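Report on the following structure.
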Amino acid sequence: MAAWLGLLWLLEAVDVASGHALDTYGISPRELSELRDVVPAAFLHFGWDHLVANSMPLLVLGFLAALSGIRRFAAVVATIVLVSGIGVWLTAPAYSVTAGASGVVFGLFGYLLVRGFVDRRIGDVLVGLLVGAVYGSILWGVLPTTDGISWQGHLFGLVGGVVAAFAFRRER
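Shown next, in the form of structure tokens:
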């Protein structure tokens, strides 16, 4: 997770140094050519404040999710990125551009919240309850309350995390 965060910070430094040239890889809704930006958009941010806001939850939630194995973690993150990105592509307001790891943050939150119940593992249930207690207030972010914040990315990231918990459940 530290390496992943390092990559995000490096990408933001390159973006700033290039006059925000990487911002063009954000998702513009309902344009077929923009579907290719679903993946890179999850690694880019619109400024340092945006990146700072995502860094700590991504580090903590990503670390907890990765404890179940790197292959499973990679599959979970890929699912979240695709569901979140395609959800944004389908539903974001016209002429908007969306980027950032917050869809992944919400997805990891959703994944950790339900994984223990899906897998029927008491340790993971306890982790989910702890994650819910510490980060539960982020659920307000799935509501369209703040202009300029992609509640669509948050909502579909959360959905992607729940989908991943079921898709990659461990058999008992």
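According to the numbering used here, the sequence shown is numbered sequentially starting from 83. All C-beta atoms in this analysis are idealised placements derived from N, C-alpha and C, irrespective of residue type, glycine included. Computed from a prediction, not measured in an experiment: that's the story for all the values here.
Exposure of residue i, with buried meaning 16 or more beta-carbon neighbours within 10 Å
{"i": "Tyr107", "result": "buried"}
{"i": "Val96", "result": "exposed"}
{"i": "Ala183", "result": "buried"}
{"i": "Pro139", "result": "buried"}
{"i": "Thr227", "result": "exposed"}
{"i": "Trp130", "result": "exposed"}
{"i": "Ser232", "result": "buried"}
{"i": "Phe199", "result": "exposed"}
{"i": "Ala85", "result": "exposed"}
{"i": "Gly218", "result": "exposed"}
{"i": "Leu90", "result": "buried"}
The ligand FMN heavy atom lying under 7 Å from the CB of residue i
{"i": "Ala183", "result": "This structure does not include the ligand FMN; it has no bound ligands of any sort."}
Residues of its chain near residue i, where Cβ-Cβ distance is below 7 Å and the 5 sequence neighbours each way are ignored
{"i": "Ile168", "result": "Val120"}
Close beta carbons around residue i, own chain, < 6 Å, minus the five adjacent residues each side
{"i": "Leu237", "result": "Val224"}
{"i": "Pro122", "result": "Tyr107"}
{"i": "Gly242", "result": "Thr161, Ile162, Val165, Ser166 and Gly189"}
{"i": "Val179", "result": "Gly108 and Ser110"}
Between the CA atoms of residue j and residue i - distance to the nearest angstrom
{"i": "Arg202", "j": "Gly88", "result": "34 Å"}
{"i": "Ala147", "j": "Ser115", "result": "32 Å"}
{"i": "His132", "j": "Ile152", "result": "26 Å"}
{"i": "Asp229", "j": "Pro175", "result": "11 Å"}
{"i": "Val186", "j": "Gly239", "result": "6 Å"}
{"i": "Ala215", "j": "Val196", "result": "13 Å"}
{"i": "Phe248", "j": "Leu212", "result": "20 Å"}
{"i": "Gly205", "j": "Phe145", "result": "15 Å"}
{"i": "His102", "j": "Leu93", "result": "10 Å"}
{"i": "Ser100", "j": "Phe128", "result": "13 Å"}
{"i": "Ser150", "j": "Ala156", "result": "11 Å"}
{"i": "Leu117", "j": "Trp171", "result": "7 Å"}
{"i": "Val207", "j": "Ala181", "result": "31 Å"}
{"i": "Phe191", "j": "Val244", "result": "9 Å"}
Integer-rounded CB distance, given that residue j should sit under 8 Å from residue i
{"i": "Trp221", "j": "Val209", "result": "One point to set straight first is that residue 221 is Leu, not Trp, in the sequence displayed. Between Val209 and Leu221 the Cβ distance is about 17 Å, and since that is not below 8 Å, they are no contact."}
{"i": "Val158", "j": "Ala246", "result": "4 Å"}
{"i": "Leu141", "j": "Met83", "result": "5 Å"}
{"i": "Phe250", "j": "Arg154", "result": "5 Å"}
Cβ shell of residue i (< 8 Å), same chain only, five flanking positions each side left out
{"i": "Tyr177", "result": "Ser110"}
Handout entry: Ranges of the alpha helix (DSSP H) found wholly within the stretch 144 to 174, counting only runs of at least 4
Key = If you keep only unbroken alpha helix (DSSP H) runs of at least 4 residues inside the stretch 144 to 174, you get 152 to 173.
Handout entry: Every unbroken beta strand (DSSP E) within the stretch 174 to 233, with a cutoff of 3 residues, ordered by chain
Key = none
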